[in-house]
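Protein chains in written order, with this note's numbering: chain A, 1 to 147; chain B, 1 to 146; chain C, 1 to 629; chain D, 1 to 320.
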Amino acid sequence: MFKKLIEKSFEKSPWLFHLNTGSCNGCDIEIVSVITPRYDAERMGFKLTGSPRHADIVLVTGPITSQSRDRLIRTLAQVPDPKVVVSIGSCPRSTNVFNGSYSVEGPLDKYVPIDVSIAGCPPKPEAIIDGLAKAIEILREKRRAMK
Amino acid sequence: MKFPYLKEAIKSVFKKPSTEIYPKVNKEAPEGYRGKINYYPEKCVNCGMCIRVCAPGCITRTIEKTEEGDKITFNFYQGQCTFCSLCADFCPRGAIELTKNYHLAVTDEKDLLVSGTFIKKLPPKPPVQPQQQVQNQQNQGAAKTE
Amino acid sequence: MQHFPILSIVTLFLGAFLTVIFGSKNETVRKFIALIASSISLILVLMLIKPIMIEGNIIQYWLGNWRPIHDWAIGIGLEVDALGLFFGIIAVLTIFLSVVFSFKYTKKDSETDKYYVLFLMLSGAVLGLVFTGDLFNMFVMIEIMTFAAVGLTAFRNYQEGALEAAFKYLVLGSIGSSMVLAGTITIYSQVHTLNMAQISALLFNNLTPAALFAFALLLAGFSLKAFVVPFHPAAPDAYMSAPSSVSMAFSGMVNKAGVYAIIRLVYVLFHAMDFKSIQILLIIIGTITMFIGVTMALAQNDFKRLLAFHSISQIGYVITAVGVSTALGLTAGLYHALNHTLFKGLLFLTAGAIFYATGTTDLNKLGGLAKKMPQTAAIFLIGAFSISGLPPFNGFVSKWLVYQATFEANMAPVTIVALLVSVMTLASFIKVAQSIFFGQMPKEFENVKEVPLSMRIPMWIMAILCVITGILPNVVTKYLVSPAVSAALNMGKYIDLMMGSGYAEKILGKPIEIPNIDFTLAGYWNPVAWLVLFGLLLIAITLVAVAGGFNTVSLPTEVDDPKYDVFFSGEASEHSHVKGNDLFWGLKHDLRHYFGFMHDAHSGIINDYALWAIFTTTIFIVYIFLLVP
Amino acid sequence: MVVLKYLFNVLVFPGLLFSALVGLILSGLDRKIVARMQKRIGPPLIQPIYDFFKLLGKETIVPRAASRRTFLYAPVIGLLALVTVSLFIPIFKYTAVSTVADIIVILYLLTIPAVALIMGGAASGSPYAGVGISREMVAIISYELPLVIVLLTIGKQVGMVLNKGAITFSLSQIVSYQAEYGPMITNWRLIPAALALLLIIPIKVGSVPFDIAEAEIEICEGPLVEYSGAPLAIFKLNHAIKMFIMTSLFVTLFLSGKGTGILIVDIILQILLSAVIVVISISTLKAITARLKVEQVLKFFWTYPTALALLSLILVWIGR
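Next up, the structure:
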């Protein structure tokens with residue numbers, strides 16, 4: 001009944017879920033700064049949610065330490081479709097300087113295909129907003145594909 | 001029972017919000033911002049300092065033997081880079097420069113790869129003397145010294 | 001029709017004796033006798049409704065046909081007026097359902113013939129107490145009831161705490177009975193008769209000090225039987241260790257018998273409700289019982305003990321409403337008594353079902369049973385919502401009447417406490433729902449199955465009754481509650497019938513005016529309208545849902561896919577069940593001084609409880625002597 | 001014909017559609033005002049509508065440990081109760097359904113959505129939901145006391161005048177009382193009660209300083225942790241409708257009066273007034289205070305609002 005409206009609302013209210021897999025918190029502060037008054041992601045409908053069940057876009061930071069590996073897999077599986085995985089910073093993309101360490105279990109795309117990766121260590125809030133804009137387009141395609 | 005910030009909250013409702021509407025108004029990165037790498041292959045002399053100095057080791061070099069010299073390509077994989085710009089500082093020729101371009105949000109991995117190739121012509125080597133000439137020179141050297 | 005009351009009592013006692021003779025050998029004979037006895041008395045009492053409730057006359061029956069000789073009652077008379085029959089219906093209903101429930105429930109116990117003997121004795125005694133018109137006969141019935149109850153509490157003596165609970169019940173019960181006996185004797189010395197109608201006539205407004213002393217003693221004795229707060233500590237242990245079908249009878253009949261005795265005592269025998277001080281005394285007792293009952297229930301860790309404390313707090317509601325002594329107050333009290341028997345019985349049966357299925361009722365060990373026992377979970381929810389007074393169920397109607405009655409008698413603080421207690425009841429039942437029925441299921445309950453059908457039938461009957469009394473309040477009040485209220489309020493008719501007409505005028509001097517029962521119920525919401533509304537909206541919502549093209553609800557597949565695991569920050573979620581003790585930390589932390597004091601007050605030592613009982617009796621006596629005349 | 005009017009009332013005017021739309025817009029206004037107070041631009045006014053429809057489009061996952069029927073029906077039951085309540089609240093003289101006693105029915109019908117949330121949370125079987133439930137219950141216990149006192153005070157005040165001394169529970173009588181004697185807020189005895197009710201609205205709606213039950217950070221949205229897709233959309237709708245109902249209840253109890261007689265203008269006036277109440281009570285508190293701890297909520301509500309409400313009850317009692 002509201003197909004068109006539901007399609008449009010996917011662009012207008014994507015909800016974020018922040019998943020920290022052992023990051024140095026540089027990218028985490030940048031994510032939170034995107035919601036502060038200066039950059040205000042909420043004006044585009046972004047909202048940080050507490051549970052993966054509510055999320056559309058999953059922001060992954062950190063080089064997936066061995067402790068957080070199966071927790072990452074379990075939590076990512078619990079996000080309902082259509083979902084978009086965004087890697088913030090270089091660590092999830094390529095385990096950055098921690099490459100080859102005994103307790104790092106490798107880049108994120110070993111476990112889940114990364115839709116948008118925002119490079120930068122840490123990336124600038126504007127870059128994150130760009131990435132999120134790209135994520136919204138992918139979300140809309142996934143939603144259309146899902147129907 | 002004091003309510004903090006009440007006056008400030010009410011005042012700020014009537015003031016202009018301090019949000020920068022980023023996507024409409026493009027924002028310039030500050031001076032000296034270490035963003036995307038610009039690589040000038042013509043300046044590079046393949047000394048390898050940047051490779052040794054790069055902490056995450058995201059700079060790789062491939063050398064290919066061709067007839068007029070070695071075809072060297074440098075790949076700066078910015079997905080692994082920590083943007084510390086040590087490579088730019090240590091490059092004797094200033095071939096690497098981190099620009100202010102912070103738009104690094106990409107959907108596929110290739111865009112993060114900055115690469116450049118150049119042909120390194122070796123300096124003209126002195127003509128290669130056959131093996132006996134080398135022997136004679138050593139004997140004359142020895143005779144001269146006795 | 002004259003003989004129905006005595007017949008219904010006798011069949012129960014006869015059933016008890018027959019079980020002793022025939023039942024000891026094989027199982028089915030014993031169950032058959034119990035079923036026949038309880039169903040006969042059920043039918044007899046239900047047939048009494050038409051003459052008493054609708055036509056409004058009162059049945060009297062003189063044992064051995066010893067009629068009063070020139071206005072002096074010698075023999076024992078049974079007098080069943082609407083008030084007595086109201087409590088009789090409650091008792092008989094509880095008996096029948098409890099017997100049906102106990103067939104399968106006591107399958108695992110040995111020596112169940114002793115169980116049925118004691119149970120039929122208990123039910124006969126309660127029915128006798130409710131129908132009798134003679135004070136000493138009431139004492140005898142109380143004695144039988146107490147000792148049958150003590151026997152039943154200790155029925156499962158292998159359970160730790162059962163014998164101790166029975167002993168406590170015995171000590172406190174006998175203190176109560178001795179007080180009732182002392183009261184009866186003092187009254188007899190005063191008026192030389194034991195027939196309640198004649199006593200009330202003679203004592204109408206010449207309350208001598210001895211009569212006042214007897215009144216205080218009787219009030220203390222009966223409130224001990226009703227487990228009012230100062231006397232309540234024996235109840236939780238007794239309810240917890242008795243088998244659930246018996247604790248359902250306890251909370252359905254035994255404390256209702258105590259409440260009936262108090263109403264009979266205060267309204268008819270001493271006609272003391274005109275004194276403002278008695279009203280205030282009853283309201284104070286009721287409010288304290290309400291509050292302490294529910295706060296203690298919040299801190300419990302065992303399901304049946306929690307239910308026991310709730311019975312105490314609901315009896316507090318009934319006593320407060322009775323204490324208000326306006327027509328509306330009494331209606332509220334009686335209606336709540338009926339509702340309480342229904343939903344409390346239902347909850348005790350669910351406790352029994354859980355004990356039968358899992359072997360424990362400890363809130364900290366159970367979890368996630370809703371998936372294995374869906375019907376019990378549904379029944380529990382109906383019971384929980386009715387006790388916490390949510391609209392479509394019966395608790396709402398009677399609690400509303402209580403609030404309205406107390407507020408109109410400008411007792412605003414009492415109404416506020418009542419509402420707060422109702423919310424706390426909801427809180428404790430949410431705690432039970434979360435720890436037993438929802439949440440993660442511990443491993444050992446993997447193969448728990450639903451309880452057999454014969455246990456589920458009584459539960460469903462009670463659930464349906466709960467919903468009916470919630471939906472049709474005006475029908476229930478018109479046929480059941482108002483006749484009982486009018487019977488309690490005008491004692492003239494009560495006396496005339498027993499002692500021959502005109503006797504009341506001669507003795508009392510003036511005819512007792514019968515207060516009219518036409519209280520304007522401040523807005524009796526017609527729940528039927530709500531149900532139509534709810535149904536309409538439900539259809540509307542489902543229509544929108546179906547047409548709206550919501551994507552399919554993805555249900556858990558059998559494969560071990562983490563997608564359907566519960567989100568526990570990525571951890572595996574075996575031992576992550578939040579249950580029993582972890583809930584309501586905020587409340588317990590805030591009221592920790594209060595809970596601390598309550599914890600010490602319920603020390604569990606019998607002499608403390610006996611001390612409490614005696615201390616409160618003295619307070620009653622002093623209070624009545626100071627304030628009543 | 002009556003059924004048609006009944007259906008219209010239930011589905012469109014004061015019922016589902018109207019209260020849903022106004023509720024969503026009001027919560028959009030609330031988010032906008034909070035943003036503006038923090039010097040942010042803030043989402044557009046119809047953002048909650050977008051959220052609602054996006055959630056409708058999402059996949060609904062039912063966890064394995066959940067008991068499915070309760071899990072899926074809880075939000076619908078909550079919505080039903082809220083829509084039933086919205087029929088009760090009179091808008092300046094016009095009431096869709098007015099039985100004699102409204103306050104007690106409203107009081108109880110407003111606990112059903114809270115119980116539905118609790119049942120939904122319990123049914124989802126998640127440990128976070130378990131903690132969320134006990135916090136929600138503590139919240140209910142803490143605000144029930146002052147709310148009851150406020151309602152009894154108003155009932156007593158109106159009852160003394162109109163109902164020959166006995167208390168009245170009917171909202172239409174309260175509105176007609178205010179029509180004669182002016183809005184209740186002007187009566188100095190009831191100003192503490194108004195203040196108490198202003199403090200109760202945020203916790204009843206579950207907005208930030210008191211939303212101990214759905215704290216996003218500590219217990220990942222409490223009872224709603226396992227919900228996704230349509231049931232979550234309905235719960236968010238419940239949240240919005242509750243905001244509209246509580247504020248319009250405040251307007252009816254304290255600010256109503258004769259009204260202009262024309263229904264449309266009355267409705268707009270009611271919406272504007274409830275918008276003002278939303279800004280005053282919910283948004284300002286949300287913008288300037290952080291979330292309280294569990295026992296602080298209980299301590300707070302059993303001291304300040306209860307004292308205010310008791311003060312006005314005593315004043316009304318004396319001022320007979």
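We treat Cβ as the ideally placed atom computed from N, Cα and C, and that holds for glycine.
> Nearest to Ile118 of chain A by alpha carbon, out of B:Asn26, B:Lys36 and B:Gln140?
Replying inline: In the first sequence, counting from the first residue as 1, residue 118 of chain A sits at position 118. Of the candidates B:Asn26, B:Lys36 and B:Gln140, B:Lys36 places its Cα closest to the Cα of Ile118 of chain A.
>> Residues of chain A with CB closer than 8 Å to the CB of Tyr227 of chain D, please, in chain order.
In response: For the purposes of this step, residue 227 of chain D is taken as the residue at position 227 of the fourth sequence. By Cβ distance, chain A contributes Arg53 and His54.
> What do you reckon, are the CB atoms on Val294 of chain D and Ile201 of chain D nearer than 9 Å?
Replying inline: As a working note, residue 294 of chain D is residue 294 in the fourth sequence. As a working note, residue 201 of chain D is residue 201 in the fourth sequence. Going by beta carbons, Val294 of chain D and Ile201 of chain D fall outside the 9 Å limit.
>> Our contact map puts His577 of chain C next to Gly439 of chain C with C-beta atoms below 8 Å; I'd like the distance itself, whole angstroms only.
In response: Start at 1 with the first residue of the third sequence, and residue 577 of chain C comes out as number 577. Start at 1 with the first residue of the third sequence, and residue 439 of chain C comes out as number 439. With 8 Å as the limit, His577 of chain C and Gly439 of chain C qualify as a contact, their Cβ atoms being about 5 Å apart.
> Which residues in the same chain have their Cβ closer than 6 Å to the Cβ of Ala179 of chain D, if we skip the five residues on either side of it in sequence?
Replying inline: Position 179 of the fourth sequence, counted from the start, is the residue given in the question as residue 179 of chain D. Excluding residues within five positions, the ones whose Cβ falls inside 6 Å are Gly257 and Lys258.
> Could you give the uninterrupted runs of the alpha helix (DSSP H) lying entirely in the stretch 63–142 of chain D, keeping only those of 4 residues or more?
Replying inline: Counting only runs of 4 or more, we get 68–88, 103–109 and 111–124.
>> Is there a C-beta anywhere in chain A that falls below 9 Å from the one on Leu310 of chain D?
In response: Position 310 of the fourth sequence holds residue 310 of chain D. So, not an interface residue.
>> Can you pull the chain B neighbours of Glu126 of chain A, defined as C-beta to C-beta under 7 Å?
In response: Within the first sequence, residue 126 of chain A is the residue found at index 126, counting from 1. Chain B residues near Glu126 of chain A: Tyr22, Lys27 and Tyr102.
> Which bits of chain D does Gly570 of chain C rub up against, with CB to CB less than 7 Å?
Replying inline: As a working mapping, residue 570 of chain C is identified with position 570 in the third sequence. Going along chain D, no residue has its Cβ under 7 Å from Gly570 of chain C, so there is no contact; the nearest lies around 11 Å.
> List, in order along the chain, the chain D residues whose C-beta lies closer than 7 Å to that of Leu5 of chain A?
Replying inline: Start at 1 with the first residue of the first sequence, and residue 5 of chain A comes out as number 5. Those are Phe53, listed as they occur along chain D.
> At a CB-CB cut-off below 9 Å, which residues of chain C make contact with Ile227 of chain A?
Replying inline: Because residue 227 of chain A is not part of the residues shown, which for chain A are 1 to 147, the question remains open.
> Exposed or buried, what is Ser101 of chain A when buried is set at 16 or more other beta-carbons lying within 10 Å of its beta-carbon?
Replying inline: Sequence index remark: in the first sequence, residue 101 of chain A carries index 101 (1-based). Its Cβ having fewer than 16 others within 10 Å, Ser101 of chain A is exposed.
> Any chance the CB of Gly120 of chain A is under 8 Å from a heavy atom of the ligand ZN?
Replying inline: Absent from the structure shown: the ligand ZN. Ligands present: none.
>> By the 7 Å beta-carbon criterion, what residues does the stretch 75–92 of chain A contribute toward chain C?
In response: Thr75, Ala77 and Gln78
>> According to DSSP, is Ser207 of chain D part of a helix, a strand, or is it coil?
In response: Here residue 207 of chain D refers to the residue found at position 207 when the fourth sequence is read from its first residue. In the structure shown, Ser207 of chain D sits in coil (DSSP, three-state: anything other than H, G, I, E or B).
>> By the DSSP assignment, the alpha helix (DSSP H) with Trp302 of chain D in it spans what residues?
In response: Looking up residue 302 of chain D in the fourth sequence gives position 302. Where Trp302 of chain D is concerned, the enclosing alpha helix (DSSP H) stretches over Val294 to Ile318.
> Can you name the residues of chain A whose CB is closer than 9 Å to the CB of Asp565 of chain C?
Replying inline: Counting from one through the third sequence, the residue named residue 565 of chain C turns up at place 565. Within 9 Å Cβ-Cβ: Arg74, Ala77 and Gln78.
> Expressed to the nearest angstrom, what Euclidean distance is found between the alpha-carbon atoms of Lys134 of chain A and Val85 of chain A?
Replying inline: For the purposes of this step, residue 134 of chain A is taken as residue 134 along the first sequence, with counting starting at 1. For the purposes of this step, residue 85 of chain A is taken as residue 85 along the first sequence, with counting starting at 1. About 11 Å.
> Per DSSP, which one or two residues make a beta bridge with Leu78 of chain C?
Replying inline: As a first step, residue 78 of chain C is located in the third sequence; it is residue number 78 there, counting from the start. DSSP, once it has assigned bridges, lists C:Tyr61 and C:Thr132 as partnering Leu78 of chain C.
>> Below 8 Å on the Cβ atoms is my contact criterion, and I expect His186 of chain C with Phe213 of chain C to pass it. Report the Cβ-Cβ distance as a whole number of Å.
In response: As a working note, residue 186 of chain C is residue 186 in the third sequence. As a working note, residue 213 of chain C is residue 213 in the third sequence. According to the sequence provided, residue 186 of chain C is Thr. The question's His does not apply to it. About 6 Å separates the two Cβ atoms, so the contact holds.
> Using 8 Å as the Cβ pair cut-off and three pairs as the minimum, do the stretch 450–470 of chain C and the stretch 151–159 of chain D touch?
Replying inline: no
> Does the beta-carbon of His593 of chain C have 16 or more other beta-carbons within 10 angstroms, so that it is buried, or is it exposed?
Replying inline: Here residue 593 of chain C refers to the residue found at position 593 of the third sequence. Counting Cβ neighbours within 10 Å, His593 of chain C comes out exposed, since fewer than 16 surround it.
> How far does the alpha helix (DSSP H) with Asn9 of chain D in it reach, from first residue to last?
Replying inline: The sequence position of residue 9 of chain D within the fourth sequence is 9, counting from 1. Residues Val2 to Leu11.
>> According to DSSP, is Ile64 of chain A part of a helix, a strand, or is it coil?
In response: As a working mapping, residue 64 of chain A is identified with position 64 in the first sequence. Ile64 of chain A falls in the coil class under three-state DSSP.
> Is it true that the CB of Phe244 of chain D sits closer than 9 Å to the CB of Ser207 of chain D?
Replying inline: Mapped onto the fourth sequence, residue 207 of chain D falls at position 207. Mapped onto the fourth sequence, residue 244 of chain D falls at position 244. Contact flag unset, no.
> Exposed or buried, what is Trp62 of chain C when buried is set at 16 or more other beta-carbons lying within 10 Å of its beta-carbon?
Replying inline: As a first step, residue 62 of chain C is located in the third sequence; it is residue number 62 there, counting from the start. Per the 10 Å Cβ criterion, buried.
>> Using 8 Å for Cβ pairs, my map puts Gly130 of chain D next to Ala66 of chain D. What's the rounded Cβ distance?
In response: Within the fourth sequence, the letter at position 130 stands for residue 130 of chain D. Within the fourth sequence, the letter at position 66 stands for residue 66 of chain D. Their Cβ separation, rounded to whole angstroms, is 13 Å, which puts Gly130 of chain D and Ala66 of chain D out of contact at 8 Å.
>> Rounded to whole angstroms, what is the Cα-Cα separation between Glu164 of chain C and Val171 of chain C?
In response: The residue given as residue 164 of chain C occupies position 164 in the third sequence. The residue given as residue 171 of chain C occupies position 171 in the third sequence. Going by the C-alpha atoms only, they are around 11 Å apart.
> Does the separation of the CB atoms of Met141 of chain C and Ala16 of chain C fall below 9 Å?
Replying inline: Start at 1 with the first residue of the third sequence, and residue 141 of chain C comes out as number 141. Start at 1 with the first residue of the third sequence, and residue 16 of chain C comes out as number 16. Against a cut-off of 9 Å, the Cβ pair of Ala16 of chain C and Met141 of chain C comes out as no contact.
> What are the start and end residues of each continuous alpha helix (DSSP H) run of 4 or more residues lying completely inside the stretch 254–325 of chain C, in chain order?
Replying inline: 255–263, 276–298 and 303–324
> Mind pulling the chain B residues with CB within less than 7 Å of Ser287 of chain D?
Replying inline: Locating residue 287 of chain D in the fourth sequence gives position 287, where the first residue counts as 1. Per the sequence shown, the amino acid found at residue 287 of chain D is Ala instead of Ser. Residues of chain B passing the Cβ test: Ala9.
>> Which residue wins for smallest C-alpha separation from Tyr403 of chain C, given the options C:Ala377, C:Gly323 and C:Thr542?
In response: Translated into positions along the third sequence, residue 403 of chain C becomes position 403. Closest by alpha carbon: C:Gly323.
> Considering only the beta carbon of each residue, do Pro243 of chain C and Asp109 of chain C sit closer than 9 Å?
Replying inline: For the purposes of this step, residue 243 of chain C is taken as residue 243 along the third sequence, with counting starting at 1. For the purposes of this step, residue 109 of chain C is taken as residue 109 along the third sequence, with counting starting at 1. Contact: yes.
> Under a CB-based cut-off of 9 Å, is Thr284 of chain D close to chain B?
Replying inline: As a first step, residue 284 of chain D must be located in the fourth sequence, where it is residue number 284. Yes, Thr284 of chain D lies at the interface with chain B (some Cβ there is under 9 Å from its Cβ).
> Which chain C residues sit within Cβ distance under 8 Å of Arg135 of chain D?
Replying inline: Along the fourth sequence, one-based indexing puts residue 135 of chain D at 135. Chain-order list of chain C residues neighbouring Arg135 of chain D: Gly586, by C-beta distance under 8 Å.
>> Based on DSSP bridge pairs, tell me the residues matched to Ala105 of chain B.
In response: On the second sequence, position 105 is the one that residue 105 of chain B refers to. Paired residue(s): A:Ile118.
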